[in-house]
Every structure is written in C-alpha cells, then in structure tokens.
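K.L.:
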Amino acid sequence: MITFLLELGAGQNQCEEVQWCGDQDIRFPFRLKGRQPEHCGYPGFELSCNTRHETVLELPTAKFLVSWIDYESQAIELYNSDDCLVTNIQLLNTTAFHFYNEYNMFAFLNCSSTLERTQRSNNKENNIGCRMKIRNGSRGSETECYIHQVIKGQNESTKTLASGVCVGAFIIIVVIIIAYRVYSTNKLEKENQLRVERFLEDYKALKPSRYSYADIKRITDQFKEKLGQGAYGTVFKGNLSSDCSVAVKILNSMKGDGEDFINEVSTMGRIHHVNVTRLVGFCADGFHRGLVYQFLTNGSLQKYISLPDTKYFLGWEKLEEIALGIAQGIEYLHQGCDQQILHFDIKPHNILLDHNFTPKISDFGMAKLCSKDQSMVSMNTARGTMGYIAPEVFSRNFGKASYKSDVYSFGMLLLEMVGGRKINTDVTAEENTSEVYYPEWIYNLLDEGEDLRIHIEKEGDAKIAKKLAIVGLSCIQWYPVNRPSMKVAVQMLEAGEGLSVPSNPFASIADPTKTTTRSLAANRMKPELEAIAELE
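Numbering (numbering that gives the first Met the number 0), first residue to last: 0 to 535.
1. So who's on the other strand from Pro358, going by DSSP bridges?
2. Under a Cβ-count criterion, where at least 16 other Cβ atoms within 10 Å of its own Cβ denotes burial, should Ser361 be classed as buried or exposed?
3. If you reduce the DSSP assignment to three classes, tell me which class Ala506 lands in.
4. I'd like to know whether the C-beta atoms of Tyr303 and Leu313 end up nearer to each other than 8 Å.
5. Report the residue from Ile176, Phe409, Leu451, Glu263 whose alpha carbon sits nearest the alpha carbon of Met365.
6. Between which residues of its own chain and Ser370 is the CB-CB distance below 7 Å, once the five residues before and five after are set aside?
7. To the nearest angstrom, how far is the alpha carbon of Glu76 from that of Pro28?
8. Kindly indicate which three-state DSSP category Trp19 falls into: helix, strand or coil?
9. Write down the C-beta distance between Cys347 and Gln293 rounded to the nearest angstrom, noting that I regard them as a contact closer than 8 Å.
10. Is it a yes or a no for the region 323-343 touching the region 444-454, going by three-plus beta-carbon pairs under 8 Å?
11. Going by CA-CA distance only, name the one from Ser299, Gln23, Asn297, Gly280 that's closest to Val291.
12. Would you check if the distance between the CB atom of Gln490 and the CB atom of Arg482 is smaller than 8 Å?
13. Pull up the distance between the alpha-carbon of Gln18 and that of Ala61, whole angstroms please.
14. Have a look at Tyr70 and His52 and give me their C-alpha separation to the nearest angstrom.
15. So, for Cys14: in the same chain, excluding its five sequence neighbours on each side, which residues have a beta-carbon less than 6 Å away from its beta-carbon?
16. Return the bridge partner residues of His287 from the DSSP annotation.
17. With 16 as the cutoff for other CB atoms within 10 Å, does Glu458 come out buried or exposed?
18. For Val235, report the span of its beta strand (DSSP E) as first-last.
19. Can you grab the Cα-Cα spacing for the pair Val273 / Glu330, in whole Å?
20. Is it a yes or a no for the region 352-359 touching the region 318-328, going by three-plus beta-carbon pairs under 8 Å?
21. Please list, in chain order, all residues of the same chain as Tyr210 whose beta carbon is under 6 Å from its beta carbon, the five residues on each side excluded.
22. Whole angstroms is fine: what's the gap from Asn503's alpha carbon to Glu391's?
23. In three-state terms, what does DSSP make of Ile25?
24. Give the straight-line distance between the Cα atoms of Glu57 and Leu160, rounded to the nearest whole angstrom.
25. Residues in its own chain within less than 8 Å of Asn121 by CB, not counting five upstream and five downstream?
26. By DSSP, does Leu498 sit in helix, in strand, or in coil?
27. Evaluate Val173 with the Cβ neighbour count: other Cβ atoms within 10 Å of its Cβ, from every protein chain shown; 16 or more gives buried, anything less gives exposed.
28. According to DSSP, is Trp477 helix, strand or coil?
29. Going by C-alpha distance, which of Leu412, Ile218, Tyr442 is nearest Ser305?
30. Nearest to Pro42 by CA position, among Asn49, Arg30, Thr50, is which residue?
31. Alpha carbons only, please: which of Gly21, Glu37, Ser72, Ser244 is nearest the one belonging to Val65?
32. Buried or exposed for Ala246, please, with buried defined as at least 16 other CB atoms from any protein chain shown within 10 angstroms of its CB.
33. If you drop the 5 nearest sequence neighbours on each side, which residues of the same chain put their C-beta closer than 8 Å to that of Ala464?
34. Please report how far the alpha carbon of Ser576 lies from the alpha carbon of Cys243, in whole angstroms.
Okay, here's the thing in structure tokens:
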C-alpha cells in the first residue's frame with residue numbers, strides 16, 4: 000500500500016477538463032496518459048487506465064493500482080496486485096529517510112538516490128510501507144522520502160506481552176494479599192496469645208492449675224469420650240485420677256480473640272459456691288486453649304425438663320429445689336464476690352446437675368465483671384441465647400444491660416421448667432399455633448384463675464408449679480426497673496403461699512411490639528443459638 004502526500008506551490012493547471020478512469024476522476028497534478036498532453040500534469044504524475052478500467056501509476060520499477068486520490072488533502076493511495084510491494088521497489092538509501100510509527104505502508108516518488116540491495120523480506124512476516132512528500136517551492140521541486148517497516152505479528156507480540164504483564168501483576172497482587180492475610184492472622188494470634196499470657200500472670204494468685212496440651216490429651220485419653228459440643232467448643236470426659244473425673248472443654252481456635260477464655264478463667268477463679276461449677280484447671284498452650292471442670296454425672300437441666308421425656312421427670316419438689324439453687328447461685332454472682340459477675344447466658348443447658356441433682360451454673364464465656372455499685376454495663380454486641388436474652392441486651396432501644404438482664408434469663412428458665420411439664424393434649428388447637436407466646440399464655444391462665452394444665456403426680460405439685468410461674472413472670476417484666484433482684488427472687492421461691500400474680504409483662508406493649516416480644520422468646524427451646532448482633 001502506498002500513499003502520497005503532496006504540498007503544491009503555485010502549480011498551474013492549464014488542463015481544466017477532468018478525465019475519468021472507472022469511478023476515479025483525474026486532474027492536475029495528474030494527467031491521464033493517452034488522453035491528455037504532458038503539460039497537463041506534473042512530471043512523473045502520469046496515470047493510465049487499463050482494460051479493466053483501473054487507474055494505474057507507472058514507476059520505473061513497478062506499476063501500482065490507484066485506490067483513491069484525495070485532491071483536498073493532496074494524497075494518493077496505491078497498491079499492487081501481487082501483494083509483494085517490497086520486491087517491486089527500487090531500494091532506497093535509508094540514511095535519507097525518517098521513520099513514522101503511525102504509517103504501515105510505503106510512499107515514494109522520484110527519489111533522488113537508490114538503496115543497496117538488502118535481504119529480501121519474507122512477505123508472510125513483514126509488511127513494509129513508505130510515505131513520500133513532494134514540495135514545489137520557488138527554487139524548484141524538493142523530494143523527501145520516508146520509509147517505515149512494520150513486522151507482521153508485532154501487534155500480536157505486544158498484546159501477548161501486555162497480557163503476560165497483566166497476568167503476572169495479578170498473580171503478584173494475589174500473592175501479596177495472601178501473604179499479608181497470613182501475616183496479619185499470625186500476628187493477631189500471637190497478640191492474643193500474649194494477651195492471654197499477661198492475664199494469666201496478673202491473675203496468678205486466683206487461677207487454678209495449668210495444664211499443657213499434652214496433659215489434656217493424656218487426661219482425655221486422646222479425646223476419646225465426647226460429652227457434647229457447643230458454639231465455642233467441644234467437651235470431652237477425662238480423668239485426673241482413678242477417682243476424679245473431669246469435663247474438658249476445648250475452645251474452638253477460630254472463635255473469638257481469647258476473650259471467652261479470659262472471661263471464664265478470671266470469673267471462675269474468684270468463685271467458690273455450691274451452686275457454681277468449679278474450674279479445676281485450664282490449658283493455654285500456643286493455639287490450644289481448654290478449660291477443665293469438675294465432672295457432673297447428671298448432665299444439664301435441659302434433659303429433665305423437655306417433653307416428651309417424662310421418664311426423666313424429677314418431680315415438682317426437686318424442680319423447686321433446683322430452681323432455688325440456681326437463684327442462690329446467681330445471687331452469689333451478683334453480690335457474693337468482690338466484683339459483680341454478670342453471666343449473660345443463663346439457660347437450662349448451662350445448668351449442670353451433680354449426683355445429688357444439685358444445680359451448678361456453668362459456662363462463663365459471655366460473663367462480664369463490674370463493680371457492685373455499677374448499675375449498668377456497656378456492651379458492643381448482644382450476648383446470650385435467643386429466647387433468654389433480655390430486651391435491653393438485645394437492643395439498646397430498651398435500655399442498658401445490668402444484673403437485671405440475668406434476672407430476665409432466670410425468669411425464662413423458670414417458665415421453661417413449668418412449660419416442659421405442660422400437657423399438650425389439654426391445649427386447644429388455637430393455643431397450639433405458632434402465634435401463642437407461652438409466657439403470655441401462662442399469664443392469662445394465672446390471671447383468670449385457671450389450671451396451669453401441668454403434669455401432676457401428688458398433692459402440692461400444682462402449688463409449686465404456680466409459684467415457679469409467678470416468680471418467672473415477675474422476672475420477665477419488660478422493663479428492668481419492674482423486675483425483682485435475685486435476692487428478692489430467692490425470697491419469693493423460699494416463701495410458701497401468698498404470692499400474687501404480677502402485673503402483665505406485656506400490658507404496656509402495643510400489638511405490633513408484642514409480636515416482636517413473641518419472636519424474642521419463640522426460640523426458647525433452641526439453646527445452641529449464638530449471640531446475635533445488637534440492633535441500633
């Protein structure tokens with residue numbers, strides 16, 4: 000392909016008649032050979048018209064077909080039929096040329112010198128073009144030739160190189176991100192380990208025995224007997240000696256930043272009460288963290304209050320003793336230690352029973368310590384299990400968390416102890432629907448003086464169940480100020496008859512909000528739910 004760029008001076012066109020070859024008009028500075036005299040065109044600008052009506056430009060070494068002529072921009076584009084432009088061009092002296100990257104063709108005209116022959120280019124790999132410009136000034140014509148060689152495949156090579164660079168850069172970025180994440184994770188874990196170690200050093204006087212991870216594996220016989228699994232760890236049975244069994248809780252390494260571990264050790268290191276499980280020891284060995292408790296043979300309270308397992312029913316007198324023991328344990332946490340301990344996860348699964356069915360509060364992973372004169376505590380997220388979480392813990396819209404939040408959870412536990420013995424066949428179809436919120440349903444029965452429809456085995460059972468229900472309803476009052484303290488709850492449980500039905504916990508709540516209240520406790524039978532995020 001060849002293009003001419005022409006800059007004309009005061010060229011005189013004496014042949015105004017336009018000639019045509021096919022659809023190409025021919026006029027000055029060109030002339031159509033055989034139809035116009037020589038003075039009608041610039042010297043060397045002779046065109047001819049072949050039998051196929053194609054316009055032809057004849058040069059000393061080759062003939063070229065004309066694609067188009069643009070007289071306004073003074074340019075002409077040429078091509079040859081055999082697609083081998085290089086072999087048909089008299090080689091020029093390259094020292095006279097300038098290179099232009101924007102052109103991909105040859106252009107030449109009346110060049111003043113020739114080139115030495117160079118190696119013939121392979122047409123399959125090379126495409127050579129040339130652009131020329133003629134100046135016709137006052138001191139005569141001046142011819143400048145320009146040549147540019149473009150290698151076929153250069154664009155493809157450039158694209159391949161660019162693609163390679165992009166892929167390489169992407170891989171490098173991914174590697175850097177992964178390396179940074181690994182580094183950050185390891186750094187954070189080391190910081191957590193250091194934090195735990197500092198805590199253990201500070202609480203050296205209070206802490207129980209410390210075990211290595213190898214000791215833990217030996218105690219549990221390579222984690223042979225699994226007792227249960229929760230959101231934050233797995234519990235295995237172990238033996239410190241032939242007559243001393245323990246429960247070993249291995250904390251999940253992917254959960255938390257060590258806060259649960261610190262909470263448990265710092266809290267239980269302070270506690271010595273018959274209704275609180277005893278922490279025998281702990282393990283803080285690198286990434287491995289574990290807690291060693293006294294083993295309680297009868298498991299959790301959940302097993303003894305869930306329908307339809309009536310074979311595990313302990314009797315209402317024993318349930319009353321268990322409820323009183325739990326209340327006394329929570330009261331001790333709130334008032335019996337140097338600092339107030341708020342549990343924030345009171346539920347049947349966290350109440351363990353020893354061989355005498357003495358209740359013991361366990362799992363202090365969500366606990367918080369605060370001074371006794373501190374009426375409220377601040378939390379970034381909600382703590383506890385859905386169905387037992389107090390409204391103010393679930394959302395700041397209902398106030399701030401305090402020891403009254405544990406009172407609410409205890410009230411829900413009491414109602415579940417009563418509800419676990421509820422006879423389903425006595426409940427109407429309407430009451431069996433998902434719209435029935437059990438605390439409200441049982442309040443309506445008490446308020447109307449109706450029977451609680453519970454499992455009765457002997458005289459006095461109904462009175463005990465009614466007392467548990469009244470205390471439970473008193474503890475789940477919607478606003479914390481209306482709930483009793485645990486000391487008062489203990490007194491109510493120790494009292495005989497004469498307890499009056501409390502005010503309706505839901506009276507001040509509009510119907511739409513009441514639906515929300517129901518939803519808060521709808522999952523009270525699902526104790527393994529994790530803590531939910533706090534609503535703003």
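We put the beta carbon where it would ideally sit given N, CA and C, even for glycine.
P.N.:
Let's see:
1. Leu352
2. buried
3. coil
4. yes
5. Glu263
6. Gln338, Gln339
7. 15 Å
8. strand
9. Here the sequence assigns Pro to residue 347, which means Cys is not the residue at that position. Wrong, their Cβ atoms sit about 19 Å apart, outside the cutoff.
10. no
11. Gly280
12. no
13. 23 Å
14. 20 Å
15. Gln35, Cys39
16. Asp284
17. exposed
18. For the sequence presented, residue 235 should be read as Phe rather than Val. Phe235 -> beta strand (DSSP E) spans 232-240.
19. 12 Å
20. yes
21. Gly280, Cys282
22. 18 Å
23. strand
24. 42 Å
25. Confidence is the limiting factor: at Asn121 the pLDDT is only 41, short of 50, which leaves the residue's position unreliable and the question unanswerable from this model.
26. coil
27. exposed
28. coil
29. Leu412
30. Arg30
31. Gly21
32. buried
33. Trp315, Val417, Arg420, Leu451, Ile453
34. The structure shown has nothing for residue 576, since the chain only spans 0 to 535.
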